[in-house]
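Quick mapping for you: the protein sequence lines, in order, are chains B and C. My numbering applies: residue 1 is where the first sequence begins, and numbers increase by one. My numbering applies: residue 1001 is where the second sequence begins, and numbers increase by one. Note that CB positions come from ideal geometry on N, CA and C, so glycine has one too. Note sheet for the following structure.
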Amino acid sequence: SQQGEEDPQALSIQEGENATMNCSYKTSINNLQWYRQNSGRGLVHLILIRSNEREKHSGRLRVTLDTSKKSSSLLITASRAADTASYFCATGGTSYGKLTFGQGTILTVHP
Amino acid sequence: NAGVTQTPKFRVLKTGQSMTLLCAQDMNHEYMYWYRQDPGMGLRLIHYSVGEGTTAKGEVPDGYNVSRLKKQNFLLGLESAAPSQTSVYFCASSIQGINQPQHFGDGTRLSIL
């Protein structure tokens, strides 16, 4: 079963625009992570936010976490064509580090 | 620095055949994981290991076996391949469990005819 539900399933924007992806989950978590997957490649870790954190930044990435609403968002500012990829949220809730992944958002950035 | 390496990258099997997928990591990570990725399903955990000599079942373990004889290697075996096991298989590793990112290989694309 999928813990994370991502919205939208697909997002198409122009270069320079901001992209926002949302993730909702059902059970309590220790952390929430975002990953990027380029076509035909493995997942690459982008950012990890712990359950006691509300916002985190990394370069052009901004992640927020609202544990009361069981939701998170990933904002990519000033998007580039190279940001075209699938983005997954994953929730971590157990001691051995098991992650439960959402179905992903396909982001297309047009030059 | 290779990170996580998966072999083979592609494989086609006939129903009933067996095979082993190899995952190797050079980061001295304790934890290793095997996932499968199917269209529209995200990643699902098959088996995982919290250290050399240990293995445990994940979300979808049926039809697969694993072994972790050496810390750097995690093997995934298909005992008798079925068309439902056609998928992309990803291996990942992490330093330890909680609050740590996972590092992924580039996957093995497996087709069962």
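Quick one: which unbroken beta strand (DSSP E) runs of 3-plus residues sit fully inside the region 1010-1067 of chain C? Chain order, please. 1010-1013, 1019-1025, 1031-1038, 1042-1049, 1064-1067
Can residue 59 of chain B and residue 1105 of chain C be called in contact, C-beta distance under 8 Å? Locating residue 59 of chain B in the first sequence gives position 59, counting from the first residue. Locating residue 1105 of chain C in the second sequence gives position 105, counting from the first residue. No, the pair does not count as a contact, with Cβ atoms beyond the cut-off.
For my contact list, residue 89 of chain B and residue 6 of chain B are in at a C-beta cut-off of 8 Å; report their separation, rounded to the angstrom. The residue given as residue 89 of chain B occupies position 89 in the first sequence. The residue given as residue 6 of chain B occupies position 6 in the first sequence. Contact holds; Cβ gap of about 6 Å.
Whole angstroms is fine: what's the gap from residue 1031 of chain C's alpha carbon to residue 107 of chain B's? Translated into the one-based positions of the second sequence, residue 1031 of chain C becomes position 31. Translated into the one-based positions of the first sequence, residue 107 of chain B becomes position 107. Residue 1031 of chain C and residue 107 of chain B: Cα-Cα distance of roughly 30 Å.
Can you pull the DSSP bridge partners for residue 36 of chain B? If you number the first sequence from 1, residue 36 of chain B lands on position 36. B:44, B:87.
Can you give me the C-alpha to C-alpha distance between residue 15 of chain B and residue 8 of chain B, rounded to a whole angstrom? Here the question's residue 15 of chain B lines up with position 15 in the first sequence. Here the question's residue 8 of chain B lines up with position 8 in the first sequence. About 18 Å.
Suppose you measure from the CA of residue 1089 of chain C to the CA of residue 1035 of chain C; what does that come to, to the nearest Å? The count along the second sequence starts at 1 and reaches residue 1089 of chain C at position 89. The count along the second sequence starts at 1 and reaches residue 1035 of chain C at position 35. Residue 1089 of chain C and residue 1035 of chain C: Cα-Cα distance of roughly 6 Å.
List the DSSP bridge partners of residue 71 of chain B. Translated into the one-based positions of the first sequence, residue 71 of chain B becomes position 71. Per DSSP, B:24, B:66.
Suppose the cutoff is 6 Å on Cβ atoms and the five residues either side in sequence are ignored; what does the same chain contact list for residue 157 of chain B look like? Because residue 157 of chain B is not part of the residues shown, which for chain B are 1 to 111, the question remains open.
Report yes if the CB atom of residue 1102 of chain C is closer than 8 Å to the CB atom of residue 45 of chain B, and no otherwise. The sequence position of residue 1102 of chain C within the second sequence is 102, counting from 1. The sequence position of residue 45 of chain B within the first sequence is 45, counting from 1. Yes.
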